[in-house]
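Here is the structure we will look at.
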Amino acid sequence: MKGLIRRWLPHLVVSTVLCALWLLLNQAFDAASILLGAVLGIAVPLLVERLQPLGYPRMRAPLTLLRLLRMATVEIARSCFNVSRIILFSDHRTVNSQFIRVPLSIRDPYGLAMLSCLLNMTPGTVWVEILPERYELSLHVFDLHDEGWWINTIKMRYEQPLIDIFETHP
Amino acid sequence: MLTLLVLLPFIGALIAACLPNSSRDRPAAVAGAVTLAALVLAIHAFGRVGEGEVLYQRYEWLPGFGLDLVLRMDGLAWVFTVMVLGIGLLVLLYARYYMSRRDPVPRFFSYMLAFMGSMLGVVLSGNLIQLVVFWELTSVTSFLLIGYWQHRNDARRGARMAFTVTTIGGLCLLAGVLILGHIVGSYDLDAVLAAGDQVRAHDWYRSVLVLVALGALSKSAQFPFHFWLPHAMAAPTPVSAYLHSATMVKAGVFLLIRLWPTLSGTPEWTWILGAAGVCTLLIGSFFAIFQNDMKGLLAYSTISHLGLIVVLLSIGSPLSVVAAIFHTMNHAVFKASLFMAVGIIDHETGTRDMLELRGLGRAMPYTAALAIVASAAMAGVPLLNGFLSKEMFFSETMQVGGTENWWMSYAAVAMGVFSVAYSLRFISVFFGPLAKNLPQDPHEPPRWMRFPVECLVVLCIVVGIMPERAVGTVLAVAAQSVLGAPLPEYSLAIWHGFNLPLMMSAAALAGGVLFYVVLRRYAGLAERDEVPVLYRLNGAQAYESTLLALSQAAAWLLHWTGTRRLQLQLLVLMVAMVAVPLLVVRPLPVLPALRLSALDPLFALLWVIGAACAVGAAWQAKYHRLVALILVGGTGVVTSLTFLWMSAPDLALTQLMVETVTTVLILLGLRWLPPRLAPAGLAAHIPPSTWLRRARDGAVALAGGLGLAAATYALLSSKPPPTISDFYLERALTEGGGANVVNVLLVDFRGFDTLAEITVLSIVALTVYALLRRFRPAPESVAIPVQQASDVDPAATESPAQQAGSGYLMVPAIYLRFLLPFMGIIAVYFFMRGHNLPGGGFVAGLIFATALIVQYMVAGTDWVESKLRLRPHRWIGWGLATACGTGLGAWLFGYPFLTSHTAHLNLPLLGEIHIPSAFVFDLGVFLVVVGTTMLILVALAHQSLRSHRAAPGATRSTIPPAKEIA
Amino acid sequence: MTPHHLIILPVLLPLLCGAALVPLTQARHRFKFALSYASVLGQLITACLLMAQADNGAWPGDIGVYLAANWAAPFGIALVADRLSALMLLLTAVLALAALHYAMQRWSRIGVHFHPLFQFLLMGINGAFLTHDLFNLFVFFEVMLAASYGLVLHGYNAERLRASMQYIAVNLVAALMFLLGTALIYATTGTLNLADVALRISTMAPGEIGLLKTGVAVLALAFLTKAAMWPLGFWLPTTYAAASPPVAAMLVLMTKVGAYVILRLWLLLFGDEEGAAAGFGYDALVWGGMATIVFGAAGMLSTDSAGRMAGYSAIVSSGTLLAVIGYGQPSLVTAGLYYLIGSTLAVAAFLLLIELIDRIRTPGAAILALTMEAWAVEDTPDEPRGKGVPAAMAFLSLAFAACALMIAGLPPLSGFVAKFGMFHALLNPEAGSGAIGPTGWTLMALIIVAGLVALISMLRYGVRTFWAAEMVTPPKLQLSEVAPVSVLLLLSVAMTVQARPLFDYLGRASADLHDPGKYARRVLGEPALPGPTSRPEAP
Amino acid sequence: MEAVLSLAIGIVFGAGIWLLLRPRSFQVLAGLMLMSYAVNLFIFVMGRVWLDRPPFTPAGTVPDPSVLADPLPQALVLTAIVIGFATTALYLVVMIGARGITGTDHVDGEEPET
Amino acid sequence: MATLLELSIAYALVCVLVAMMLCALRLLIGPSAHDRVLALDTLWIAGMLLALVLGIRFGTQVYFEVAVLIALIGFVSTVALAKFLMRGEIIE
Amino acid sequence: MSGIPDLPAWAALPVSLLLILGATIALIGALGLLRLPTFYKRIHGPAITITFGAGCILLASMLYFTATQARLVIHEVIIAVFLLMTAPVVSMLIMRAAVYRDLRARKHKAGATAGGVYTIVEEETAGSTPPGKR
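Residue numbers (full-length UniProt numbering), protein chains in the order written: chain C, 1 to 170; chain B, 1 to 966; chain V, 1 to 539; chain Z, 1 to 114; chain A, 1 to 92; chain F, 1 to 134.
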């Protein structure tokens with residue numbers, strides 16, 4: 001049974017997500033849609049397998065993930081208002097925009113991707129690239145007050161949970 | 001029989017043409033046999049023609065136009081036929097010995113026979129249009145004959161000249177004959193001949209006359225078209241002997257005689273032909289005296305004699321027609337013999353230059369005697385045939401202008417004087433001491449080469465001595481066929497008693513001798529090489545300069561009314577687009593007044609953006625292509641949103657997808673367009689011409705924009721007509737089986753359009769692919785882009801796959817790869833719902849292709865293709881086949897192509913499922929779209945591979961070939 | 001009652017064949033060629049059958065209607081086969097066969113995708129001849145044009161690229177005009193079917209018709225660009241001269257498509273005696289056509305290149321046709337159609353011949369070396385291999401002479417008959433249409449002068465090539481190259497000999513064309529088959 | 001709405017014409033793109049302006065043509081967009097091909113004199 | 001309440017359109033190519049918002065598909081442009 | 001404006017508020033794009049449009065359709081998810097393109113060197129020509 005699943009359903013999570021996407025798109029929950037969605041959900045990942053050298057992410061700690069997301073949402077809202085305030089009311093020339101280096105320890109590609117997503121979605125920070133020589137993140141901050149605070153925040157509040165989610169092997 | 005008569009020479013020509021180039025006797029034998037056979041046939045026909053009967057042979061061809069093939073032989077035609085064939089036979093015999101061993105003889109005889117056939121066709125035509133056909137054929141074949149020695153410049157030039165002049169004449173003749181046919185109501189010769197009064201009374205008579213005269217006069221080398229004839233002397237002598245004695249030039253005369261009953265008898269006839277004839281005979285004979293080339297002399301003499309005949313015809317009295325026919329025959333006989341004599345001289349001495357030739361009578365006494373007799377006939381010496389007809393000419397000239405006006409007679413005598421002079425000049429080569437230093441040692445020609453000359457000279461003498469017995473009947477028959485019975489009184493006798501014509505003859509003879517002596521003594525006739533007084537009258541020069549001027553004028557016209565530059569062409573197109581409706585359309589559409597209340601501010605805001613982007617693109621496109629592309633993209637966004645806003649979500653989707661793919665495409669292309677750098681000081685000095693051009697273009701752009709805006713506004717404010725769309729809206733669901741009417745239209749109602757449309761896509765993809773296989777990048781863009789060579793960029797040395805796997809593209813690559821299945825699902829989604837809601841095969845195909853292209857962008861061509869063999873050609877092929885096959889499926893059910901059907905499946909658990917055939921059709925669309933998009937984009941992308949493989953300093957020739965797309 | 005599937009075959013055959021050819025690799029050249037050839041042969045047979053059906057009363061009114069997708073006429077797309085379109089299909093197939101055969105040895109082997117593009121081109125041309133729907137016509141025009149872009153580019157070199165830049169740009173703009181015109185016509189009449197448009201025009205009030213006329217004028221500009229009317233046809237000589245011979249031969253036909261559509265459109269929409277739109281634009285066509293003749297003639301006279309000469313002669317013939325159409329006289333149209341066929345054959349044969357003639361001047365090896373040096377990888381085809389045909393020079397000169405005679409309209413070939421027919425028609429108008437006016441005289445004079453000019457320039461070229469050239473070796477010609485040229489020329493001879501039945505046929509075709517009401521009755525009256533048993537409600 | 005649309009079409013078309021008349025091939029390409037936007041919009045509005053009336057006839061309703069947008073121009077525009085896309089691609093490739101082989105991006109394939 | 005909603009929809013439309021306008025301004029004035037790319041991307045996003053707001057205004061879900069497509073595909077051209085700026089070619 | 005009148009008040013109010021908020025944020029984002037002085041500052045403007053502006057409007061849409069159609073309509077989530085997946089890529093790539101372009105072009109004032117993460121290498125000029133403007 002397990003072999004069968006592994007053989008035909010190697011990407012269970014993705015298949016489920018795709019099936020859900022299909023159902024959402026069609027806004028239907030009838031048998032035909034579910035069947036078609038399931039077929040697509042199974043077939044599509046298999047078809048594109050060769051173009052996915054990394055496979056699909058495996059997440060371990062769903063609760064941590066939820067917590068992280070909640071935190072990020074709040075953070076996004078907060079920074080959003082900050083940025084709006086600056087755009088509307090500040091003297092733009094005095095805004096201290098800078099690049100900073102953040103040393104990273106997370107290695108998992110999906111973890112990195114998640115991190116970049118969170119950082120980029122947070123207004124006021126833009127992920128530039130990972131500087132290869134010392135594996136540091138180059139981050140552009142809209143209004144920088146304290147470089148250390150940023151590095152700390154990212155390391156502690158974002159990176160650590162992500163390491164927990166993506167890199168902790170049972 | 002008549003058919004055979006005309007066909008025989010052509011058949012002979014074909015046979016001769018097929019003979020190998022080396023054969024010599026066989027073509028001559030063929031030609032001779034054919035001609036002889038035809039001659040026998042013709043002579044045989046005299047039995048009936050001689051009794052005044054007219055022979056016919058008629059074939060239907062285009063009865064609707066009154067155009068049948070009619071062969072018609074009456075007396076006149078018979079005379080000409082025999083002349084053509086008889087002299088033809090002699091000339092062919094002569095040519096057998098004349099032609100050199102180096103010449104391709106079969107071709108010669110073939111041309112000769114073809115010409116003979118055409119000539120017979122002219123003579124025997126019983127339909128005016130048919131006559132013109134053969135007329136032009138004689139021009140064509142004579143062109144070939146004159147240009148026979150094609151390696152010689154003068155032959156080519158002479159041939160072209162003769163051809164051009166006679167063809168122009170032929171076209172005039174055609175026009176004239178067409179009008180004539182219109183007046184008479186038939187092109188049939190009999191009808192035309194019978195309708196003389198009707199024609200002469202018609203308003204268009206003058207134009208007919210002028211056009212026909214142009215044709216005849218140009219063919220007969222009459223002033224002012226005479227110049228081609230001397231240049232035609234570049235032909236081999238047998239050709240000259242044939243063309244300029246009995247045939248080609250006589251065609252014009254023949255035509256005038258032929259149409260004499262219809263057209264003659266009016267002052268216009270007399271004045272036009274008379275003036276041309278008199279000018280010709282004087283100029284021709286005068287020029288002849290001063291020629292140094294023996295053939296040249298004969299050529300001008302021919303011109304002059306033809307002038308004589310034309311003058312005779314112009315006089316318009318029946319008797320003059322008889323004289324004209326008689327002189328035509330006589331001239332043919334003596335002129336042919338003279339040409340052949342010259343040919344013999346040329347052949348045996350190697351030259352025809354009278355300045356060199358001297359005393360040939362000693363070397364070739366027999367030939368000399370023949371030539372002297374013949375030229376005596378030409379000069380009009382009594383007891384020879386020339387004398388008789390000239391006598392008749394003199395007597396006819398006196399009829400013109402009554403008793404007070406003698407100008408025609410003076411002209412005639414002058415011409416007689418000149419002709420005696422040039423005849424003397426001609427025979428002068430036989431007298432005196434034998435010239436030395438001739439190119440060849442002169443001696444008598446072979447027996448059979450002289451034979452034709454002998455025959456003709458004997459004929460001269462026989463006719464000259466006993467005219468009535470020799471040609472009386474023939475002449476009567478011929479004249480009767482023109483004039484109808486009864487013939488006027490005339491007598492063919494040598495002696496009519498002492499009368500004025502005889503005095504004129506005597507005066508001409510004496511004057512001629514005197515004139516010659518005077519010229520020789522005092523005017524240095526033997527040395528001069530240009531014609532006195534009239535040397536400026538150089539028709540050939542005029543012809544050449546006319547042609548040159550024509551070419552220059554044409555080039556000038558082309559320069560001012562045409563262009564090879566694209567910009568101007570597009571300008572013209574745009575101007576036409578604006579101007580033509582304004583010029584042509586009546587009444588112009590009315591433009592309703594602008595109502596500001598109808599302005600939707602929000603929508604206006606949207607289009608402020610769109611318009612600004614468009615104008616910005618127009619402004620930036622020269623030096624900032626990327627910027628222009630982005631700005632065009634801005635307009636695209638706005639367009640897409642407009643579709644969305646105005647109830648066309650399908651369009652919005654499609655526009656959006658096309659926008660994306662186009663951007664990617666152009667970016668792929670931009671890689672190969674080296675940047676255009678704005679030159680320094682660009683704005684410093686712009687020449688006024690540039691400003692002018694810009695102003696012009698700006699005005700056109702403004703006009704075009706305003707025009708389209710006005711048309712749109714006028715339309716939008718007009719009442720819509722009842723359209724066929726209601727039908728679609730009502731039937732889409734019930735009969736088309738889809739709720740999305742636009743989609744049903746695309747795959748069902750107008751599926752045929754879509755089929756062709758995906759064909760267009762396929763074609764373009766194939767073209768792009770074929771083009772890119774041989775693509776040569778611009779030299780400046782061969783090297784890899786500066787961005788990748790820069791030291792600043794840490795990824796400069798990484799391969800695309802490395803960049804995506806671990807390098808700087810790693811994080812984006814994760815997203816983009818993760819997105820792939822989602823895009824696939826979305827593609828399926830849009831495909832599946834197309835029939836009922838926005839979407840469809842096209843959008844789905846583009847989404848799918850975009851998903852793949854994104855993978856190419858992330859990881860590079862090599863990596864993707866190592867994982868995935870796409871084979872876009874197959875997608876295209878299968879797509880087309882699927883779409884087409886779906887359509888064909890309807891045939892099985894007895895319905896027309898593309899008729900849609902729906903399969904109903906009743907599946908357990910799922911219930912009833914409808915699968916319309918349009919769905920399969922749409923699948924075909926999907927496949928084609930994916931295939932084409934991938935083929936185009938991947939073919940472009942592959943070019944980068946080539947440049948990467950090339951060394952940095954690669955030149956054109958070292959660029960590796962494109963990788964095959966699999 | 002079964003549908004006449006034969007009518008749609010000229011579109012489907014090349015489409016299916018092209019689809020099958022696309023995935024085949026160049027290595028299977030022989031197979032590709034055979035497939036392509038079979039398809040063209042099939043089209044030839046179809047065209048013959050269609051012609052026979054159109055002329056033998058197989059269809060009511062001698063007009064065959066095919067309702068694609070089984071939707072009745074103004075709503076669905078109707079294909080119409082009448083005498084004229086059947087004849088044009090035949091002409092297309094003949095030319096295609098000749099061009100394809102000519103391309104057998106060399107041109108179809110270089111580059112890729114010659115065959116599918118060729119088939120698609122045929123599909124476009126055939127579709128344009130058949131369709132009776134304005135937008136469908138646009139789509140088929142695009143098929144035809146797109147394929148022709150590809151084919152003009154076939155055999156990649158600088159000259160072809162330059163020429164196709166022009167060709168493509170001009171035609172893209174023309175296509176935009178086509179769309180504008182179509183849109184305007186739809187907006188004012190509410191329909192796209194030509195017969196329906198004609199019907200609706202006749203009931204339009206004079207006040208409403210301005211916009212419609214604007215639309216037709218813009219639309220006509222697109223066709224006239226295709227038909228190369230002055231001043232819209234400057235692209236033509238360049239393109240003809242640059243394209244490879246078989247392609248150029250097909251291009252000749254494409255100019256005629258423009259003229260064909262104009263003819264059809266005008267007689268259908270504005271052929272009626274009454275109505276607010278009657279007689280619209282005829283004068284413009286006549287004078288434009290005559291200007292085109294002048295321009296083409298001047299071009300012929302001023303150029304030295306044979307390719308351009310052929311191009312200008314195509315312009316002359318196009319101008320003649322347009323003027324004939326604009327003159328608006330049925331018997332003249334008959335003769336004009338004859339002229340169309342004859343001149344197409346002649347110019348196409350000439351274009352094919354030019355390449356062979358060029359081998360006299362510069363024997364193959366030299367030209368090959370030259371281009372190889374300049375552009376290392378251009379698609380210059382190999383010299384023909386194997387033995388050439390005997391008497392090559394004789395063939396070339398004879399063929400050239402025939403072409404020259406036909407183009408110049410000299411007897412005895414079809415060119416003369418055509419010209420004679422036109423003159424006769426001009427001089428002897430049908431009863432009631434009055435005597436020939438100054439326009440007629442001018443037209444006649446222009447045609448004569450144009451013929452003369454053509455003659456002079458052809459003569460100049462011929463003399464220079466055949467007589468004045470230093471001949472090194474007789475050129476090597478392949479049978480596959482000689483045969484098509486000969487066939488085209490022999491056809492022209494046949495046209496002369498069989499002028500009567502041809503003229504009769506064309507007369508009937510022209511009579512059909514001059515009866516727009518008949519089209520309306522036939523096209524709009526053709527019923528769709530009763531629906532397939534169920535066309536159910538969608539879910 | 002009508003006036004705005006008319007003006008918009010006019011402006012985009014005018015900009016396209018201006019570019020079309022320029023000497024560089026990329027300008028012509030951009031011009032063609034702009035012109036085809038304008039032409040597509042033009043065809044589209046030939047069915048008149050409809051807001052919120054997409055031509056859908058969902059099952060269970062009787063379609064009333066007078067309150068639905070004209071679907072035919074939409075279908076035509078769809079075809080025109082596709083063909084426009086194809087020709088843009090073609091022109092682009094010919095353009096870069098010509099640039100490579102003739103050495104200039106002038107539309108005539110050669111720099112004008114002076 | 002209905003009027004409030006109508007007003008807020010109108011306000012949202014105006015806002016989004018003005019936002020698009022501002023993007024277009026940035027698109028026009030540049031100054032650098034990456035500025036324009038950014039502006040184009042933002043223009044697409046704003047367009048998506050417009051589609052959504054229009055969807056609410058007309059109360060139909062037809063506009064939703066367009067929004068989905070913009071969200072999913074709109075970025076492709078931006079990515080291509082950015083890659084072009086960065087690497088000089090978009091597919092290596 | 002078909003659906004508006006039958007919207008219950010419990011939905012209309014939040015929908016309105018969300019719309020107003022989202023639109024305003026979107027406007028502010030665009031304003032930032034226009035008004036901020038350097039590219040590196042400008043890039044932060046649209047970020048709020050994407051995250052908060054789009055989020056609010058999507059929420060409004062969800063609420064609105066759920067209310068009008070009397071069933072759960074949450075497929076706007078898809079848009080949100082797609083935005084989440086695509087927006088980072090865009091900003092990352094544009095940012096990087098900008099940084100390297102400015103470094104190559106040696107634009108000292110552009111702001112790429114702020115913070116000292118990136119420095120402009122001057123000596124590179126020797127030999128290589130400055131990249132052309134595209």
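For glycine and all other residues, C-beta sits at the position ideal for the given N, C-alpha and C.
Item: Presumed contact (8 Å Cβ cut-off) between V253 of chain B and L306 of chain B, rounded CB distance; Value: 6 Å
Item: Test: G284 of chain B CB closer than 8 Å to a CB of chain Z; Value: no
Item: Distance, G147 of chain B Cα to R26 of chain B Cα; Value: 23 Å
Item: Backbone CA spacing between L121 of chain V and N740 of chain B [nearest angstrom]; Value: 32 Å
Item: Short-range partners of chain B found in the segment 105–136 of chain C, where Cβ spacing is below 9 Å; Value: P109, Y110, L112, A113, L115, S116, C117, W127, E129, I130, L131, P132 and E133
Item: Proximity of N111 of chain B and H347 of chain B at Cβ, strictly below 8 Å; Value: Reading off the sequence shown, one finds Tyr at residue 111 of chain B, where the question assumed Asn. Against a cut-off of 8 Å, the Cβ pair of H347 of chain B and Y111 of chain B comes out as no contact.
Item: Cβ of A71 of chain A within 8 Å of any chain F Cβ; Value: yes
Item: Reference I154 of chain C, options C:G124, C:P123, C:L115 and C:E167, closest by Cα; Value: C:L115
Item: Collapsed DSSP secondary structure at L413 of chain V in the structure displayed; Value: coil
Item: Limits of the alpha helix (DSSP H) - the one that T902 of chain B falls within; Value: It is not in any alpha helix (DSSP H) - T902 of chain B instead sits in the beta strand (DSSP E) that spans T902 to L907.
Item: One or two residues paired with V70 of chain B in a DSSP bridge; Value: B:R58
Item: Contact set for L602 of chain B: own chain, Cβ-Cβ below 6 Å, skip 5 residues either direction; Value: none
Item: Within 8 Å, strictly: CB atoms of D108 of chain Z and L745 of chain B; Value: no
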